[in-house]
Amino acid sequence: MKYHPLNSPHIAYTELGTCNASLINPEMINVEMRCEKTNCCQSMRCIKVLRVRHDRLYIYEKSTICWFCLPFPLVLVPFEFLAVPKMTTNAAIVDDRDPLIQYAGTWNGAGSSSEFYSTTTWSPKQGSTASLSFVGTSVTVYGSVGPSKPPGSSLAFAVDDSVTGTYTAPSGMTTAIHHEALWTSPTLSSGSHTLIITQTTAQTSGVIFLDYIMYNTTSTSQPYFIDDRDSRITYTPAWVQEGSDEDFQHTCQKSLSAGDSFTLEFEGQSISFWGGNTSPTQNASVEIDGGSPTFFGAPTDATTTNNLLFHFDDLPAGKHTLAVTAQNGEPVWTDYFIVNPNIASLPSGSSASPISSSTPSSSKESTAPPSIASPKPTPTGAIVGGVKTAEESAPNSSYIKCLSTNTVRDLHDPCCGA
1 MKYHPLNSPH IAYTELGTCN ASLINPEMIN VEMRCEKTNC CQSMRCIKVL RVRHDRLYIY
61 EKSTICWFCL PFPLVLVPFE FLAVPKMTTN AAIVDDRDPL IQYAGTWNGA GSSSEFYSTT
121 TWSPKQGSTA SLSFVGTSVT VYGSVGPSKP PGSSLAFAVD DSVTGTYTAP SGMTTAIHHE
181 ALWTSPTLSS GSHTLIITQT TAQTSGVIFL DYIMYNTTST SQPYFIDDRD SRITYTPAWV
241 QEGSDEDFQH TCQKSLSAGD SFTLEFEGQS ISFWGGNTSP TQNASVEIDG GSPTFFGAPT
301 DATTTNNLLF HFDDLPAGKH TLAVTAQNGE PVWTDYFIVN PNIASLPSGS SASPISSSTP
361 SSSKESTAPP SIASPKPTPT GAIVGGVKTA EESAPNSSYI KCLSTNTVRD LHDPCCGA
């Protein structure tokens, strides 16, 4: 066997020997490479089938310097294991009465059962402002709008003093509209931002009412909203999609018969389920993480939309699965869910519990909307609404839970004045 170096300006090869090329699979020529380390982080010796010449197969040794020490043989790691884990993006929701919103100027309180936590905030004075600092990639301001008279009413929006927009109340309205997206920002850079809302044109009676603000974020420092159309919810086929002005996002869904169900996967330490009601004999069960079912019926003060149907609190931090099943043919209406993240992650001054109802305050001059006393959420693991025993929840039960008389005055009209 003869050894000699190949001519190369960059790499030195040494011929190890030759053999009959007819004995070698042609597909392996110029492909096969066998290597071994000689000194860690110093050199590597590779044996490679390089080429065939005159029916002879030439095999060479290649010596090179390692640029760092690798375990050998080399192990390839799939790309997905090297990628940074994707963070879940949620729609954080901030009520108009949340202390995170800072008000300046003249602001008054209002509200009806159609609105988030039954509260809104409005201003009769031009130049009044409301600001919110948040961490996210987009923000939407929602509100209710009532009939207006000339010169109308309008708001201006600005994010970081650069992204701007406006909303002007439509003319000719005769009834109020709810859950209106007053303005949505374009996509923002990921990070901290400040939204400023300014009352640019005002009337002495309420026209544009701030209800809540939602922003897309991966942060877990604020309760977040899950709509009935969210992909995290899995419905059995019979559910029917509907919607109205008073439904959040103007969408909802209802069951048709006993056994219709849905499941929702979420991450947090508490969850509230909100929906409509059209029957005093509504009957459904709810389970958390496959636990024992709890039955619930219509709330005693139920309205056709926006009822707090149940609330689970003090769940272990982490992921959970909620399951709701209709127990009879009376519709179970699904509108939205409010999930509170890990309680310890909430910033000082934030509330991790929903407010079920409130009473509108009187109008007055202030630098913040009037404080409105509200009932506290139900105790740990409790169900809001008509809680039934197993006997009462039986399909043929004669149990009937009557709805109390409920009259709600919509304050979003010209009579709601300062």
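Residues 1 to 418 in full-length UniProt numbering are what the sequence shown spells out, letter by letter. Positions of the beta carbon are idealized from the N, C-alpha and C atoms, including for glycine.
query, result
"Reduced DSSP secondary structure (H/G/I, E/B, other) of Gln-327", "coil"
"Residue closest to Val-135, alpha-carbon to alpha-carbon, out of Asp-96, His-193, Gln-327 and Thr-121", "His-193"
"Run of the beta strand (DSSP E) containing Asp-211, from where it starts to where it stops", "208-217"
"Given 8 Å, three or more beta-carbon pairs between the region 237-254 and the region 162-174", "no"
"Candidates Ser-148, Ser-128, Ser-219 and Gly-297, of which the one nearest Asn-283 by Cα", "Gly-297"
"Three-pair Cβ contact test at 8 Å for the region 308-322 versus the region 180-197", "no"
"Beta-carbon separation (whole angstroms), Trp-239 vs Asp-260, contact threshold 8 Å", "6 Å"
"For Ile-197 and Thr-164, the rounded distance between their alpha carbons", "10 Å"
"Contact set for Ala-326: own chain, Cβ-Cβ below 6 Å, skip 5 residues either direction", "Ser-255, Ala-258, Asp-260, Ala-284 and Val-332"
"Where Ser-128 falls: helix, strand or coil (DSSP)", "coil"
"Sequence-distant residues of the same chain with beta carbon closer than 8 Å to Glu-180, five excluded per side", "Tyr-142, Gly-143, Ser-144 and Val-145"
"Distance CB(Asn-216)-CB(Ser-138) smaller than 9 Å", "yes"
"Separation of Trp-107 from Ser-123, as counted between CA atoms", "4 Å"
"Reduced DSSP category for Gln-102 - H, G, I as helix; E, B as strand; rest coil", "strand"
"Segment contact flag, the region 295-311 with the region 218-225, C-beta cutoff 8 Å, min 3 pairs", "no"
"Cβ neighbour criterion (16 or more within 10 Å) applied to Ser-330", "At residue 330 the sequence reads Glu, which differs from the Ser that was named. Buried, because 16 or more other Cβ atoms sit within 10 Å of the Cβ of Glu-330."
"Option nearest Thr-334 by Cα separation, candidates Arg-229, Ser-133, Ala-156 and Ser-185", "Arg-229"
"Distance between Gly-109 and Thr-140 (C-alpha atoms, nearest Å)", "21 Å"
"Element boundaries [beta strand (DSSP E), containing Asn-108]", "108-110"
"Buried versus exposed call for Pro-299 [16 or more other C-beta atoms within 10 Å across all chains shown]", "buried"
"C-beta contact flag for Ser-131 and Gln-199 at 9 Å", "no"
"For Ala-91 and Lys-125, the rounded distance between their alpha carbons", "31 Å"
"For Ser-171, the three-state DSSP class (helix, strand or coil)", "coil"
"Distance between beta carbons of Pro-151 and Thr-201, contact taken as under 8 Å", "6 Å"
"Buried versus exposed, by CB contacts within 10 Å (16 or more), Glu-246", "buried"
"Gly-206 versus Pro-341: straight-line alpha-carbon distance, rounded", "34 Å"
"Beta-carbon spacing of Ser-272, Val-339 below 9 Å", "yes"
"Counterpart residues of Tyr-142 in DSSP-defined beta bridges", "Ala-181 and Tyr-212"
"Cut-off 7 Å between Cβ atoms - residues of its own chain near Glu-287, not counting five sequence neighbours on either side", "Pro-293 and Ala-323"
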